[in-house]
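Just so you know, the sequences run in chain order A and B.
Take 39 as the starting number for the first sequence in my numbering and just add one per residue.
Take 28 as the starting number for the second sequence in my numbering and just add one per residue.
The beta-carbon is built from N, C-alpha and C at its ideal position, and this holds for glycine as well.
Beneath this line is the structure, given in structure tokens, with notes to follow.
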Amino acid sequence: MDILVCISQVPDTTTKISFIDNNSKFNDDKVTFIVNPYDEWYALVRALELKETLGGSVTVITVGNASVEPIIRKALAIGADNAVRIDLDAVDSFETASAIATYAKNKNFNIILAGKETIDYNGSEVGGMIAGLLNLPFVSLATKLEIVGDHAVVEIDIEGGVEVITSKMPLVLSAAKGMAEARIPNMRGIMAARTKTIEVVAGQSNNLVSVKSFELPAPKSAVKLINPENMEELVQLLHSEAKVI
Amino acid sequence: MSKDRFQGHDFYQIDDLLTEEQKLIRDSVRAWVKKEVTPIIEDHAQRCVFPKHLIKGLGEIGAFGPYIPVEYGGQGLDQISYGLIMQEIERGDSGIRSTASVQSSLVMYPIYKYGSEEQRRKYLPKLATGELMGCFGLTEPDSGSDPSSMITNIKDKGDHYLLNGAKMWISNSPFADIAIVWAKNDEGKIRGIIVERGMEGFTTPETHDKWSLRASATGELVFDNVKVPKENLLPNVEGLKGPLGCLNSARYGISWGVIGAAMDCYDSALRYAKERVQFGKPLAGFQLQQKKLAEMITEITKAQLLAWRLGVLRNEERATPAQISMAKRNNVAMALDIAREARQIHGGMGITGEYPIMRHMMNLESVITYEGTHDIHLLILGMEITGENAFK
Numbered sequence: 039m040d041i042l043v044c045i046s047q048v049p050d051t052t053t054k055i056s057f058i059d060n061n062s063k064f065n066d067d068k069v070t071f072i073v074n075p076y077d078e079w080y081a082l083v084r085a086l087e088l089k090e091t092l093g094g095s096v097t098v099i100t101v102g103n104a105s106v107e108p109i110i111r112k113a114l115a116i117g118a119d120n121a122v123r124i125d126l127d128a129v130d131s132f133e134t135a136s137a138i139a140t141y142a143k144n145k146n147f148n149i150i151l152a153g154k155e156t157i158d159y160n161g162s163e164v165g166g167m168i169a170g171l172l173n174l175p176f177v178s179l180a181t182k183l184e185i186v187g188d189h190a191v192v193e194i195d196i197e198g199g200v201e202v203i204t205s206k207m208p209l210v211l212s213a214a215k216g217m218a219e220a221r222i223p224n225m226r227g228i229m230a231a232r233t234k235t236i237e238v239v240a241g242q243s244n245n246l247v248s249v250k251s252f253e254l255p256a257p258k259s260a261v262k263l264i265n266p267e268n269m270e271e272l273v274q275l276l277h278s279e280a281k282v283i
Numbered sequence: 028m029s030k031d032r033f034q035g036h037d038f039y040q041i042d043d044l045l046t047e048e049q050k051l052i053r054d055s056v057r058a059w060v061k062k063e064v065t066p067i068i069e070d071h072a073q074r075c076v077f078p079k080h081l082i083k084g085l086g087e088i089g090a091f092g093p094y095i096p097v098e099y100g101g102q103g104l105d106q107i108s109y110g111l112i113m114q115e116i117e118r119g120d121s122g123i124r125s126t127a128s129v130q131s132s133l134v135m136y137p138i139y140k141y142g143s144e145e146q147r148r149k150y151l152p153k154l155a156t157g158e159l160m161g162c163f164g165l166t167e168p169d170s171g172s173d174p175s176s177m178i179t180n181i182k183d184k185g186d187h188y189l190l191n192g193a194k195m196w197i198s199n200s201p202f203a204d205i206a207i208v209w210a211k212n213d214e215g216k217i218r219g220i221i222v223e224r225g226m227e228g229f230t231t232p233e234t235h236d237k238w239s240l241r242a243s244a245t246g247e248l249v250f251d252n253v254k255v256p257k258e259n260l261l262p263n264v265e266g267l268k269g270p271l272g273c274l275n276s277a278r279y280g281i282s283w284g285v286i287g288a289a290m291d292c293y294d295s296a297l298r299y300a301k302e303r304v305q306f307g308k309p310l311a312g313f314q315l316q317q318k319k320l321a322e323m324i325t326e327i328t329k330a331q332l333l334a335w336r337l338g339v340l341r342n343e344e345r346a347t348p349a350q351i352s353m354a355k356r357n358n359v360a361m362a363l364d365i366a367r368e369a370r371q372i373h374g375g376m377g378i379t380g381e382y383p384i385m386r387h388m389m390n391l392e393s394v395i396t397y398e399g400t401h402d403i404h405l406l407i408l409g410m411e412i413t414g415e416n417a418f419k
């Protein structure tokens, strides 16, 4: 079972977001970057669990310049066997997905896993696009993944219940909460990561999309406290100020 | 205790001075402490019980002898990585850090540095995983800051040594499998010897009713005509420089560890000050509280720089005992002051187990005394800069 896990670098959730170059570029000064949690906690760990029971290998892949290598090193410390970095500052999900699909095309991975979304742009697009570009089945928001014979059995949470599907392999999945339990790198893993190499592959920009500008949401206004006796004022404010009724 | 919302604090971008691997180690230990230590530590401290189940995890996260070479079961890490591991564990609790410090600097270090090849191979790999736990016996009831006055002794009986005496204030003693014991030989010279649990006449009574390091087991080592095989003597050191070499390593680890306790207190106080509203605005908006918080982060930053620089010097094997004394003395006092100020910011809540403040404060009362008291470190510094010995 050879599994490719797509990982992405995202800002830590406590980051103060700001932009530079006329609001066209994210300001990464003093930002702490982490592995996108859906990629690390669920996609990567489930891939490792499958490798541990079925054999094979786990390869992590990311698209970015050399500054993203610390997150690759962490994925290797958690237990990935191989790592690939596509050297490209991708502008959008299509560029990222195209780069990964081009790399994965003739590599015979049985499963390609991604997190359900990145916590920065929340696009939820890359997995589906890879599947489209490689003409493979795609299951999004998977919460459980088992291999039975030559099929993958996947569970997906749906409104009020669970949908269970089977799929031939290879296939592409996006992993949601529940698929695995996060692992903390131990010292043995950190030491082993020292000697694992990161394969760097040149990336090609498709120059289809460019970012014009980003805007921050309006700052939150102060909380207004209404006396519980004064329901009329509350209704009036919900109508005239909050404009929700 | 309420949910652990701790965030590290790095006002001077000191992270830029760390390697990617050092940061990965630091962040991994921090995640482990959040998962394994903070959810249970308050309960164990309240009940005065050492959480023994953490030993395996401490071994896996690299807390036992991280700088011991890989061939002996260690990780072969540098001194700054060791410091960062101590910082993160003490962010959880000084008692757990004490267990790791003792195992690394006071048990594995002397076996590695002063032991025979057979002793290294026999003990170090098992100590690195926590399969064997150790303790260190130097202090005696009548011999604290003046260790050369010890009366514990070994007599050469031909095929073995006969060990007599008693040690006290020994972290890990109640459960340790081995003890590194410092004792005077027939010529009155201090030697190190490895004593194993189960040797006849060797007992380890626990010290009860502590108000500090309550989640760490402390006890005595009592030797009543204990026959110790000759091969258990550490062959490669004689005199006080043996135990003092171990203490230099441990004191260095403490200078990092207490930054963790200080950061936890500051982090909790900063959050509390922002969230607690009095007189219509958050506590953080009052000048007196800002003074406390601003001074705390200033002192933490100074301590971080001191510890980092000392780590560089230790990596280059250039750190002097007086430099280590300065860092241990300054950083522990800094942490204790911050714990006390943070307690004030938390008001009444600061005395409860809901917040980690009072536990850190009580722990630090031990840390400021053990491994060389605050005053003794001042005298070491004083002697270094004046050339005058003020110990006697």
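Residue B/56 holds the alpha-carbon nearest to the alpha-carbon of residue 227 of chain A among B/244, B/225 and B/56. For residue 112 of chain A, the chain B residues whose Cβ falls inside 7 Å of its Cβ are 51, in order along the chain. If you ignore the 5 residues before and after residue 271 of chain A, its C-beta comes within less than 6 Å of the C-beta of 264, all in its own chain and listed in chain order. Collapsing the DSSP output to three states places residue 77 of chain B in coil.
Using a CB distance below 9 Å, the part of the stretch 215-235 of chain A facing chain B consists of 220, 222, 223, 224, 225, 226, 227, 228, 229, 231 and 232, ordered along the chain. Residue 115 of chain A reaches chain B at 51 and 55, counting residues in chain order whose Cβ is nearer than 8 Å. Nearest neighbour of residue 267 of chain B by Cα position, chosen from B/137, B/385 and B/101, turns out to be B/137. For residue 87 of chain B, the C-beta contacts it makes with chain A under 8 Å involve 224, 225 and 226, in order along the chain. Closer than 8 Å to the CB of residue 52 of chain A there is at least one CB belonging to chain B.
Counting along the chain, residue 189 of chain A sits inside the beta strand (DSSP E) bounded by residues 189-196. Of all C-beta pairs linking the stretch 276-283 of chain B to the stretch 347-354 of chain B, three or more are shorter than 8 Å, placing the two stretches in contact. For residue 117 of chain B, the enclosing alpha helix (DSSP H) has its first and last residue at 106-119.
The shortest CA-to-CA distance from residue 178 of chain A to any of A/150, A/188, A/281 and A/40 is the one to A/150. The beta-carbon separation of residue 372 of chain B and residue 289 of chain B, rounded to 14 Å, does not stay under the 8 Å limit for a contact.
Rounded to whole angstroms, the gap between the alpha carbons of residue 234 of chain A and residue 112 of chain A is 11 Å. Per the coordinates, the alpha-carbon of residue 148 of chain B lies some 48 Å from the alpha-carbon of residue 191 of chain A. Straight-line measurement puts the Cα of residue 152 of chain A at about 19 Å from the Cα of residue 51 of chain A. Taken in chain order, the complete alpha helix (DSSP H) segments of 4 or more residues contained in the stretch 103-148 of chain A are 107-116 and 131-142.
A residue is called buried when at least 16 other Cβ atoms come within 10 angstroms of its Cβ; residue 255 of chain A does not meet this threshold and is exposed. Within chain A, no C-beta atom comes less than 9 Å from the C-beta of residue 308 of chain B; the nearest is roughly 12 Å away. By the rule that beta-carbons nearer than 8 Å mark a contact, residue 49 of chain A does not touch chain B.
Residues of chain A with a Cβ closer than 7 Å to the Cβ of residue 153 of chain B do not exist, since the nearest Cβ in that chain sits about 16 Å away. Annotation: residue 40 of chain A to residue 73 of chain A spans about 21 Å, alpha carbon to alpha carbon.
The beta-carbon distance between residue 190 of chain B and residue 206 of chain B, rounded to whole angstroms, is 10 Å. This is too long to meet the 8 Å contact definition.
Where residue 180 of chain B is concerned, the enclosing beta strand (DSSP E) starts and stops at 180-183. Residue state for residue 256 of chain B is assigned as strand, using DSSP reduced to three classes.
Secondary structure note for residue 59 of chain B: its alpha helix (DSSP H) is the uninterrupted segment 47-59. The C-alpha of residue 45 of chain A lies about 14 Å from the C-alpha of residue 126 of chain A.
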